[in-house]
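Q: Residue 9 in the UniProt record's numbering sits at position 9 of the sequence shown, with consecutive numbering throughout.
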Amino acid sequence: MKPIHRAAVIGAGVMGSGIAAHLANAGIHVVLLDMVPPGSTLGASAPNPGDAQKNDRAARNAWAQGGLDKAVKARPAAFFHPSFARLVEVGNVEDDLERVKDCDLVIEAIIEKLEPKQSLFARLEALVKPGAIVASNTSGLRIAEMMTGRGEAFRKNFLVMHFFNPVRYMKLLELVAGPDTDPAVFERVVRFGEDVLGKGIVVGKDTPNFVGNRIGVHAMLATLQGMLELGLEPEDVDAITGPAMGHPKSATFRTADLVGVDTFVHVADNCYASLTADEDREVFKAPAFARAMLEKKILGDKTKGGFYKKG
Ligand code: NAD
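See below:
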């Protein structure tokens with residue numbers, strides 16, 4: 001089976017940085033790209049146009065570098081050995097997307113919204129080499145929708161590679177084929193996931209939130225609803241859903257802070273929008289307090305505030 005030597009990861013947030021580190025630990029060269037957040041001004045103070053361009057580029061790379069630094073700082077053991085970090089090169093989608101041309105595998109790990117993912121795949125379609133595999137780390141968006149407008153060759157080489165957080169420690173890797181994914185491509189990724197990345201594979205179907213999050217987000221939202229109805233605090237809930245239940249590191253609100261309140265709400269919203277009234281979709285309605293946290297950018301570990309981290 002054709003080996004995977006070089007990969008690109010697009011989106012250097014909680015997941016993308018963790019995925020890049022995990023790939024590097026497996027000896028794979030990785031290009032990790034992010035983008036400048038909308039509304040940001042760059043290089044304005046540079047003394048001449050050449051410097052401005054250089055500074056702008058360095059500043060544009062800062063988002064990916066920042067993501068990677070955060071991943072390493074939050075989990076110093078993200079790289080088994082510091083030298084593996086050298087296998088990750090950072091860049092930005094504005095200047096460096098062309099670098100996917102050399103990659104055998106491209107993993108998308110950007111915001112959990114359909115339109116930005118669709119436009120990224122349209123750009124990637126024009127760049128990736130023939131036979132390169134493109135995967136999305138989406139938590140539950142439908143492959144058929146993400147592939148709207150893409151040609152057959154691209155759809156054949158596309159699948160979902162859904163890693164779990166934290167990537168290094170969570171054994172599970174959920175793989176989902178779309179209606180047009182080539183079975184040989186899927187098998188190649190199964191082998192890669194098991195033999196090279198050391199993951200345990202679960203094969204999901206292209207249904208809203210696949211398997212992991214259809215169950216996981218359902219459980220989390222039902223727990224939040226129970227907390228509101230019983231007038232409990234997050235700490236009370238975690239005392240029950242954490243170590244007492246045999247889950248030392250995955251109590252409900254600790255997990256919500258780790259996942260990111262924004263990602264959690266987007267995943268719930270996407271699932272709600274894709275289900276019908278007969279499919280128990282009401283339980284996927286995110287509570288108003290979670291939506292208010294999102295608006296105030298109280299997003300958990302990646303920001304200054306969360307359920308536990310008080311801003
Ligand atoms: P995050 O908010 O931590 O990171 C997303 C990153 O993508 C940000 O750094 C942002 O600047 C960047 N980005 C946004 N749009 C971009 C674009 N067009 N081009 C390049 N970069 C862009 O989010 P995350 O938690 O890492 O989630 C990323 C993906 O992984 C989502 O699809 C999410 O559903 C999925 N996922 C998340 C978790 C989790 O626990 N957080 C688990 C499994 C899967």
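Note that the Cβ used here is the ideal one computed from N, Cα and C, for glycine as well.
Rounded to whole angstroms, what is the Cα-Cα separation between Asp301 and Cys103?
A: Those two C-alpha atoms are separated by around 31 Å.
Q: Short of 7 Å in beta carbon distance, which residues of its chain neighbour Leu228, apart from the five on each side in sequence? Order them along the chain.
A: Excluding sequence neighbours, Leu228 sits near Pro287.
Q: Applying the 10 Å Cβ sphere with the 16-neighbour rule, what's the burial state of Lys129?
A: Lys129 comes out exposed.
Q: Look at the alpha carbon of Glu125 and the alpha carbon of Gly140, and state the distance between them as a whole number of angstroms.
A: If I take the Cα positions, the gap works out to 22 Å.
Q: I believe Gly18 touches Ala78 by the beta-carbon criterion, under 8 Å. Please report the beta-carbon distance rounded to the nearest angstrom.
A: Contact flag correct, Cβ pair sits at about 7 Å.
Q: In whole angstroms, give me the CA-to-CA distance for Leu224 and Asp206.
A: Roughly 27 Å between the two C-alpha positions.
Q: What does the Cβ neighbour count give for Ser119, buried or exposed, with the cut at 16 atoms within 10 Å?
A: Label assigned to Ser119: exposed.
Q: Tell me the residue span of the beta strand (DSSP E) that contains Asp34.
A: It spans His29 to Asp34 - the beta strand (DSSP E) in which Asp34 sits, taken as one unbroken run.
Q: Work out the CA separation of Asp278 and Ala62 for me, nearest whole Å.
A: Going from the Cα of Ala62 to the Cα of Asp278 covers about 46 Å.
Q: Which of the three DSSP states, helix, strand or coil, is assigned to Gly204?
A: It is a strand residue.
Q: Since I believe Val259 is in contact with His294 (beta carbons under 8 Å), could you give me their beta-carbon distance rounded to a whole number of angstroms?
A: Before going further, note that residue 294 is Leu rather than His in the sequence given. Leu294 to Val259, Cβ: 12 Å. No contact.
Q: Let me know if His22 comes out buried or exposed under the rule of 16 or more other beta-carbons within 10 Å of its beta-carbon.
A: Buried: at least 16 other Cβ atoms inside 10 Å.
Q: Measuring straight from C-alpha to C-alpha, what distance separates Gln65 and Leu230?
A: Using only the alpha carbons, I get a separation of about 43 Å.
Q: Looking at the unbroken alpha helix (DSSP H) that takes in Phe284, where does it start and where does it end?
A: Per DSSP, Phe284 belongs to no alpha helix (DSSP H) and is neither H nor E.
Q: Can you tell me whether Leu172 is buried or exposed? The criterion is at least 16 other CB atoms within 10 Å of its CB, across all chains shown.
A: Exposed, because fewer than 16 other Cβ atoms sit within 10 Å of the Cβ of Leu172.
Q: CB-CB under 7 Å to Glu152, same chain, minus the five flanking residues each way: which ones, in chain order?
A: Contacts found: Asp180.
Q: How would you call Val267, buried or exposed, if buried means at least 16 neighbouring beta carbons within 10 angstroms?
A: Val267 should be labelled buried.
Q: For ligand 1, any of its heavy atoms closer than 6 Å to the Cβ of Ile107?
A: It does not: the Cβ of Ile107 is nowhere closer than 6 Å to a heavy atom of ligand 1.
Q: Would you identify the three-state DSSP class for Arg75, choosing helix, strand or coil?
A: Three-state DSSP puts Arg75 in coil, outside helix and strand.
Q: Output the boundary residues of the alpha helix (DSSP H) element that contains Met161.
A: Careful: Met161 lies outside any alpha helix (DSSP H), inside the beta strand (DSSP E) at Phe158 to Phe163.
Q: Tell me whether Asn25 counts as near ligand 2, meaning its Cβ is closer than 6 Å to at least one heavy atom of that ligand.
A: Absence of ligand 2 from the depicted structure is noted, with ligand 1 being the only ligands included.
Q: Given a cut-off of 7 Å, decide if Val283 and Ala222 are closer than it, judged by their beta-carbon atoms.
A: Yes, these two residues count as a Cβ contact at 7 Å.
Q: Is residue 323 buried or exposed, if buried means 16 or more other CB atoms sit within 10 Å of its CB?
A: Since the first residue shown for the chain is 1 and the last is 311, residue 323 is missing from the structure and cannot be characterised.
Q: Taking Cβ positions only, does Tyr308 come closer than 7 Å to chain C?
A: The displayed structure is made up of one protein chain only, and chain C is not part of it.
Q: Express the C-alpha separation of Phe154 and Glu108 in angstroms, rounding to a whole number.
A: Straight-line Cα distance between these residues: approximately 14 Å.
Q: Quick check on DSSP: helix, strand or coil for Gly43?
A: Low confidence applies to Gly43: its pLDDT is 46, below 50, so where it sits in the model is not reliable enough to give any reading.
Q: Return the chain-ordered list of same chain residues with a C-beta closer than 7 Å to the C-beta of Leu80, the five sequence neighbours on each side being excluded.
A: First, the amino acid is wrong: residue 80 is Phe here, not Leu. Closer than 7 Å at Cβ, skipping near neighbours: Asn25.
Q: Would you call the CB atoms of Gly13 and Gly67 closer than 7 Å?
A: Yes.
Q: Please report how far the alpha carbon of Lys297 lies from the alpha carbon of Lys2, in whole angstroms.
A: Near 43 Å, if we compare the C-alpha coordinates of Lys2 and Lys297.
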